[in-house]
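S.K.: Read top to bottom, the protein sequences are chains D and Y.
If you want our numbering, it's the position in the first sequence, counting the first as 1, plus 93.
If you want our numbering, it's the position in the second sequence, counting the first as 1, plus 38.
Where is the CB? At the ideal position from N, CA and C, for every residue including glycine.
Computed from a predicted structure; not experimentally measured.
I have a structure here, written as structure tokens, and I will follow up with some questions on it.
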Amino acid sequence: MDKFETLTGIAAPMPLINIDTDMIIPKQFLKTIKRSGLGVNLFDEMRYDDDGNEIPDFVLNKPQYREAEVLVAGDNFGCGSSREHAPWAIKDFGIRCVIAPSYADIFYNNCFKNGILPIALPQEQVDVLMKDAEKGANARMTIDLEAQTVTSSDGEVFSFEVDAFKKHCLMNGLDDIGLTMEKAASIDTFEAQASQSRPWV
Amino acid sequence: MSPKTLYDKIWDAHVAHEADDGTCLLYIDRHLVHEVTSPQAFEGLRMTNRTVRAPDKTIAVPDHNVPTTLDRANAATMTEDSRIQVEALDRNAKDFGIHYYPVSDVRQGIVHIVGPEQGWTLPGMTVVCGDSHTATHGAFGALAHGIGTSEVEHVLATQTLIQKKSKNMKVEITGKLRPGVTAKDITLSVIGATGTAGGTGYVIEYCGEAIRDLSMEGRMTVCNMAIEGGARAGLIAPDEKTFEYCMGRPHAPKGAQWEAAMDWWKTLYSDDDAAWDKVLTIKGEDIAPVVTWGTSPEDVLPITASVPAAEDFEGGKVGAAQRSLDYMGLTAGTPLNEVEIDTVFIGSCTNGRIEDLRAAAEILKGKKIAVKRAMVVPGSGLVRAQAEEEGLADIFKEAGFEWRLAGCSMCLAMNPDQLQPGERCAATSNRNFEGRQGRGGRTHLMSPAMAAAAAVTGKLTDVREMM
Ligand code: SF4
Chain D
94 MDKFETLTGI
104 AAPMPLINID
114 TDMIIPKQFL
124 KTIKRSGLGV
134 NLFDEMRYDD
144 DGNEIPDFVL
154 NKPQYREAEV
164 LVAGDNFGCG
174 SSREHAPWAI
184 KDFGIRCVIA
194 PSYADIFYNN
204 CFKNGILPIA
214 LPQEQVDVLM
224 KDAEKGANAR
234 MTIDLEAQTV
244 TSSDGEVFSF
254 EVDAFKKHCL
264 MNGLDDIGLT
274 MEKAASIDTF
284 EAQASQSRPW
294 V
Chain Y
39 MSPKTLYDKI
49 WDAHVAHEAD
59 DGTCLLYIDR
69 HLVHEVTSPQ
79 AFEGLRMTNR
89 TVRAPDKTIA
99 VPDHNVPTTL
109 DRANAATMTE
119 DSRIQVEALD
129 RNAKDFGIHY
139 YPVSDVRQGI
149 VHIVGPEQGW
159 TLPGMTVVCG
169 DSHTATHGAF
179 GALAHGIGTS
189 EVEHVLATQT
199 LIQKKSKNMK
209 VEITGKLRPG
219 VTAKDITLSV
229 IGATGTAGGT
239 GYVIEYCGEA
249 IRDLSMEGRM
259 TVCNMAIEGG
269 ARAGLIAPDE
279 KTFEYCMGRP
289 HAPKGAQWEA
299 AMDWWKTLYS
309 DDDAAWDKVL
319 TIKGEDIAPV
329 VTWGTSPEDV
339 LPITASVPAA
349 EDFEGGKVGA
359 AQRSLDYMGL
369 TAGTPLNEVE
379 IDTVFIGSCT
389 NGRIEDLRAA
399 AEILKGKKIA
409 VKRAMVVPGS
419 GLVRAQAEEE
429 GLADIFKEAG
439 FEWRLAGCSM
449 CLAMNPDQLQ
459 PGERCAATSN
469 RNFEGRQGRG
479 GRTHLMSPAM
489 AAAAAVTGKL
499 TDVREMM
């Protein structure tokens with residue numbers, strides 16, 4: 094997995110609440126058996142018209158946001174389907190960090206498994222960063238995972254919370270499965286006990 | 039011993055390892071797999087030379103993009119990319135030696151219907167699947183939730199999941215439901231009350247007389263939509279109805295093991311003085327038959343209400359409501375029961391079980407549909423067979439419904455069952471998101487009886503007027 098340490102980049106504003114994973118990547122793109130290549134279809138139904146032409150008004154189609162690496166959005170980002178194609182598409186587009194007041198649970202976890210940092214900040218602070226993002230390509234935000242801070246283009250600094258274990262894995266690009274396999278002995282012991290106490294499982 | 043909730047009890051029985059910061063390895067008893075969210079996980083195993091740790095606890099069934107038309111045995115009914123996914127599942131099930139119900143098997147169906155039906159889902163278990171509606175299995179008092187594909191790979195390789203404990207939320211539905219009000223109305227009303235993020239960070243236990251009174255099918259409908267309220271999982275404590283449902287199922291324990299299981303299952307309830315982080319109480323008699331008007335499952339109103347105006351809401355919801363109204367093509371102030379419907383879809387893991395088909399058939403008996411098209415997609419081949427045996431299939435067909443084979447179908451429209459832009463659908467599924475049932479399609483969620491009523495009148499309809 095890719096490491097995430099610091100990032101300075103363009104932030105795209107999407108001031109919508111309840112952005113669901115069907116919006117992020119519509120189901121017709123779930124038929125792949127690969128993880129890559131979904132970036133062109135990120136937000137497909139908002140991004141292209143029926144003939145497949147770009148809708149110029151959509152934020153990621155605007156020249157100043159085509160290279161965005163951060164997305165600033167409304168409450169309850171990533172709700173709905175558990176599809177990991179959503180973070181795959183976000184990552185494949187080039188976005189490494191999402192900032193929103195809150196996230197749906199499964200999406201939030203899926204981000205960390207794919208080298209994306211989802212940052213939750215209070216609504217007022219997201220409002221400030223949304224305004225900052227609206228300034229366009231010159232307004233670059235800086236995210237420092239080690240220090241747990243977001244710095245706006247004006248130099249305003251916001252601190253965020255992140256689970257220590259998740260932070261450690263993201264900063265070091267660690268693979269969860271490898272880490273868990275180091276605890277194989279605990280799993281063996283648990284399994285042996287459970288086969289006694291709950292043999293019907 | 040300190041008092042515990044049902045969630046606490048199941049959680050404690052499955053912690054295989056706990057780190058100092060509270061991060062746990064939770065042991066997984068049942069891993070359900072379908073064709074859409076698993077190919078990359080199996081690919082990951084192959085790339086790292088890993089195997090499936092517990093193939094006997096892993097069950098796969100294709101459901102999301104299989105055709106539901108009667109001619110589906112013909113490979114040409116499937117699009118190239120769907121066929122590739124189903125074939126990948128066929129191959130992965132075989133290569134890794136996991137239980138499998140292929141499309142040709144009468145037991146095939148929606149993974150969340152097949153699991154309970156075959157007795158894979160039992161009280162006190164941990165159940166996961168790469169699908170958010172895994173919450174369905176919570177109806178058995180099993181801790182069940184959706185996971186992403188990386189986690190699917192993690193469970194395949196280690197039979198555990200890295201988890202932190204959620205908080206406990208109690209949703210109590212007191213008293214009795216009024217006639218015409220169903221499990222679907224309960225679960226939609228709860229989401230209407232909490233919002234789609236109201237359950238985020240929690241595991242919800244549903245309790246109270248109205249929940250106890252529900253059949254297992256109804257309880258599955260309630261838990262199915264826990265995720266739409268943002269909760270990690272929904273739970274209902276097992277009772278006699280649960281045990282009776284499980285008994286004799288192909289993969290349920292038998293004989294002495296059944297007795298041993300029962301001894302433990304009977305301890306699976308929240309202790310009287312258990313602590314709750316959040317409580318919501320709704321009176322059963324206050325719940326009306328409801329429909330959704332917008333593009334979020336929290337956009338719920340009684341069928342007797344009118345389409346709201348964007349200004350009725352606050353904060354970020356004003357813009358969202360306006361966007362919903364525009365998308366749904368609705369005008370504020372229109373009585374909901376005047377909204378005309380083009381299509382009716384009865385099915386999905388929310389409402390594709392035998393009881394759902396019975397409730398819809400009850401309304402449709404001797405009547406004809408007044409919509410352009412209507413389809414019933416049973417949740418599994420066995421539900422379909424039973425409905426045929428009970429004569430329900432004939433009622434649907436005579437009314438003008440298409441009688442399909444089992445699968446997810448128009449719930450997410452990955453197969454050819456899709457709405458056209460602007461087409462308005464009364465659906466028994468669980469998501470009314472923009473484009474969910476087809477690009478530009480407009481979805482109103484409701485119970486099977488309400489959907490049947492809408493099919494008959496061609497409008498959103500209060501089912502109580504037809505009872
Ligand atoms: S029926 Fe719908 S919600 Fe249920 S598993 Fe299938 S696609 Fe998901």
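Here's a check: name, in chain order, each residue in its chain whose Cβ is nearer than 6 Å to the Cβ of lysine 208 of chain Y, leaving out the five neighbours to either side.
M.R.: What you label residue 208 of chain Y is simply residue 170 of the second sequence in a count that begins at 1. For lysine 208 of chain Y, where only same-chain residues beyond five positions count, the Cβ hits under 6 Å are Glu243, Trp314, Val317.
S.K.: Reducing DSSP to helix, strand and coil, say where glycine 208 of chain D ends up.
M.R.: Residue 208 of chain D sits at position 115 when you count from the first residue of the first sequence. Glycine 208 of chain D falls in the coil class under three-state DSSP.
S.K.: What does glutamine 156 of chain Y touch in chain B if you count any residue whose Cβ is under 8 Å from its own?
M.R.: Absent from the structure: chain B. Protein chains present are D and Y.
S.K.: Are the segment 366 to 385 of chain Y and the segment 443 to 453 of chain Y in contact at 8 Å, needing three or more beta carbon pairs?
M.R.: Segments in contact, yes.
S.K.: What whole-angstrom Cβ distance do cysteine 190 of chain D and isoleucine 236 of chain D have, given they're in contact under 8 Å?
M.R.: In the first sequence, counting from the first residue as 1, residue 190 of chain D sits at position 97. In the first sequence, counting from the first residue as 1, residue 236 of chain D sits at position 143. Right, the Cβ-Cβ distance comes to about 5 Å (below 8 Å), so this counts as a contact.
S.K.: Going by CA-CA distance only, name the one from D:Lys260, D:Met139, D:Trp293, D:Thr273 that's closest to aspartate 95 of chain D.
M.R.: In the first sequence, the residue the question calls residue 95 of chain D occupies position 2. Per the Cα distances, D:Lys260.
S.K.: Check for me: the alpha helix (DSSP H) holding arginine 477 of chain Y runs from which residue to which?
M.R.: Position 439 of the second sequence holds residue 477 of chain Y. Counting along the chain, arginine 477 of chain Y falls outside any alpha helix (DSSP H), and DSSP gives it neither H nor E.
S.K.: When the Cα atoms are used, what is the spatial distance from glycine 233 of chain Y to glutamine 289 of chain D?
M.R.: In the second sequence, counting from the first residue as 1, residue 233 of chain Y sits at position 195. In the first sequence, counting from the first residue as 1, residue 289 of chain D sits at position 196. Computed Cα separation, rounded: 43 Å.
S.K.: Can you tell me which of the three DSSP states histidine 52 of chain Y falls into?
M.R.: Here residue 52 of chain Y refers to the residue found at position 14 when the second sequence is read from its first residue. Histidine 52 of chain Y: coil per DSSP, three-state reduction.
S.K.: Count Cβ pairs between the segment 113 to 123 of chain Y and the segment 143 to 150 of chain Y that sit closer than 8 Å; are there 3 or more?
M.R.: Not touching, per the Cβ criterion.
S.K.: Please indicate yes or no: does the CB of proline 77 of chain Y lie closer than 7 Å to some heavy atom of the ligand SAM?
M.R.: This structure does not include the ligand SAM; its bound ligands are the ligand SF4.
S.K.: Let me make sure I understand the geometry here. Which of D:Glu239, D:Ala226, D:Glu249 has the alpha-carbon closest to that of phenylalanine 70 of chain D?
M.R.: In the structure as shown, chain D begins at 94 and stops at 294. Residue 70 of chain D is therefore absent and cannot be evaluated.
S.K.: Comparing C-alpha positions only, which one of Y:Arg502, Y:Asp301, Y:Gly354 sits nearest to aspartate 168 of chain D?
M.R.: Indexing the first sequence from 1 puts residue 168 of chain D at position 75. Of the listed residues, the one whose Cα sits closest to aspartate 168 of chain D is Y:Gly354.
S.K.: To be precise: take each residue of the segment 176 to 204 of chain D, compare its Cβ to all Cβ atoms of chain Y, and keep it if any distance is under 7 Å. Which residues remain?
M.R.: Against chain Y - using a Cβ distance shorter than 7 Å - the residues of the segment 176 to 204 of chain D are Arg176, Glu177, Ser195, Ala197, Asp198, Ile199, Asn202, Asn203.
S.K.: Is serine 120 of chain Y near the ligand SF4 - that is, is its Cβ less than 7 Å away from at least one heavy atom of it?
M.R.: What you label residue 120 of chain Y is simply residue 82 of the second sequence in a count that begins at 1. No - the ligand SF4 has no heavy atom lying nearer than 7 Å to the Cβ of serine 120 of chain Y.
S.K.: Who are the neighbours of valine 294 of chain D on chain Y, taking C-beta pairs under 7 Å?
M.R.: Along the first sequence, one-based indexing puts residue 294 of chain D at 201. Asp67, Met163, listed in chain order.
S.K.: Mind listing the chain Y neighbours of threonine 174 of chain D? Cutoff is C-beta to C-beta under 7 Å, in chain order.
M.R.: Within the first sequence, the letter at position 81 stands for residue 174 of chain D. Contrary to the premise, residue 174 of chain D reads as serine rather than threonine in this sequence. Here the neighbours are Ser170.
S.K.: Thinking C-alpha only, which one of Y:Pro454, Y:Val494, Y:Gly332, Y:Tyr307 is nearest isoleucine 433 of chain Y?
M.R.: Taking the second sequence and counting its residues from 1, one reaches residue 433 of chain Y at position 395. Of the candidates Y:Pro454, Y:Val494, Y:Gly332, Y:Tyr307, the one whose C-alpha sits nearest the C-alpha of isoleucine 433 of chain Y is Y:Val494.
S.K.: On the three-state DSSP scale, how would you describe leucine 339 of chain Y?
M.R.: On the second sequence, position 301 is the one that residue 339 of chain Y refers to. DSSP places leucine 339 of chain Y in strand when its eight states are reduced to three.
S.K.: With hydrogens ignored, establish whether the beta-carbon of aspartate 380 of chain Y is closer than 7 Å to any heavy atom of the ligand SF4.
M.R.: In the second sequence, counting from the first residue as 1, residue 380 of chain Y sits at position 342. Flag unset: Cβ of aspartate 380 of chain Y not near the ligand SF4.
S.K.: Are threonine 466 of chain Y and aspartate 394 of chain Y close, meaning C-beta to C-beta below 8 Å?
M.R.: Sequence index remark: in the second sequence, residue 466 of chain Y carries index 428 (1-based). Sequence index remark: in the second sequence, residue 394 of chain Y carries index 356 (1-based). A contact, by the Cβ cut-off of 8 Å.
S.K.: Name the chain D residues whose beta carbon is nearer than 7 Å to that of alanine 451 of chain Y?
M.R.: For the purposes of this step, residue 451 of chain Y is taken as residue 413 along the second sequence, with counting starting at 1. Neighbours of alanine 451 of chain Y on chain D, chain order: Lys120.
S.K.: Tell me the residue span of the alpha helix (DSSP H) that contains valine 241 of chain Y.
M.R.: Within the second sequence, numbered from 1, the residue matching residue 241 of chain Y stands at position 203. Valine 241 of chain Y -> not in any alpha helix (DSSP H); beta strand (DSSP E) instead, spanning 240 to 245.
S.K.: Against chain D, does tryptophan 302 of chain Y count as a neighbour if the rule is that its beta carbon must be under 8 Å from one of theirs?
M.R.: Here residue 302 of chain Y is taken as the residue at index 264 of the second sequence, counted from 1. It does: the Cβ of tryptophan 302 of chain Y has a partner Cβ on chain D nearer than 8 Å.
S.K.: May I ask which residues mark the beginning and end of the beta strand (DSSP E) holding isoleucine 236 of chain D?
M.R.: To locate residue 236 of chain D, count along the first sequence from 1; it is residue 143. Looking at the DSSP string, the run of the beta strand (DSSP E) that includes isoleucine 236 of chain D is 233 to 237.
S.K.: Starting from the beta carbon of arginine 270 of chain Y, find every residue of chain D whose beta carbon is closer than 9 Å, and list them in chain order.
M.R.: The residue given as residue 270 of chain Y occupies position 232 in the second sequence. Under the 9 Å cutoff, chain D gives Asp198, Ile199.
S.K.: According to a CB-to-CB cut-off of less than 7 Å, which residues of the segment 101 to 122 of chain Y neighbour chain D?
M.R.: Result list: Asn103, Asp119, Ser120, Ile122.
S.K.: Does DSSP put alanine 182 of chain Y in a helix, a strand or coil?
M.R.: In the second sequence, counting from the first residue as 1, residue 182 of chain Y sits at position 144. Strand at alanine 182 of chain Y.
S.K.: According to DSSP, which residues form a beta bridge with lysine 497 of chain Y?
M.R.: Within the second sequence, the letter at position 459 stands for residue 497 of chain Y. Beta-bridge pairing links lysine 497 of chain Y to Y:Glu378.
S.K.: Would DSSP call phenylalanine 80 of chain Y helix, strand or coil?
M.R.: Taking the first residue of the second sequence as 1, we reach residue 80 of chain Y at position 42. DSSP places phenylalanine 80 of chain Y in helix when its eight states are reduced to three.
S.K.: If you draw a straight line from the C-alpha of leucine 222 of chain D to the C-alpha of lysine 184 of chain D, how long is it?
M.R.: Numbered from its first residue, the first sequence carries residue 222 of chain D at position 129. Numbered from its first residue, the first sequence carries residue 184 of chain D at position 91. About 21 Å.
S.K.: Compute every distance between the C-beta of leucine 363 of chain Y and the non-hydrogen atoms of the ligand SF4, then say whether any falls below 7 Å.
M.R.: If you number the second sequence from 1, residue 363 of chain Y lands on position 325. Leucine 363 of chain Y: no, Cβ never under 7 Å from the ligand SF4.
S.K.: By the criterion of Cβ-Cβ separation under 7 Å, what are the contact partners of arginine 474 of chain Y in chain D?
M.R.: Start at 1 with the first residue of the second sequence, and residue 474 of chain Y comes out as number 436. Here the neighbours are Asp115.
S.K.: Between tyrosine 365 of chain Y and the rest of its own chain, which residues show a CB-CB distance below 6 Å, the 5 nearest in sequence each way excluded?
M.R.: To locate residue 365 of chain Y, count along the second sequence from 1; it is residue 327. Excluding residues within five positions, the ones whose Cβ falls inside 6 Å are Thr333, Glu472.
S.K.: Going along chain Y in order, which residues have a C-beta closer than 8 Å to the C-beta of lysine 260 of chain D?
M.R.: Indexing the first sequence from 1 puts residue 260 of chain D at position 167. Simply none; closest approach about 11 Å.
S.K.: Beta-carbon separation of threonine 159 of chain Y and valine 165 of chain Y under 8 Å?
M.R.: Within the second sequence, the letter at position 121 stands for residue 159 of chain Y. Within the second sequence, the letter at position 127 stands for residue 165 of chain Y. It is a contact, given that the beta carbons lie within the stated cut-off.
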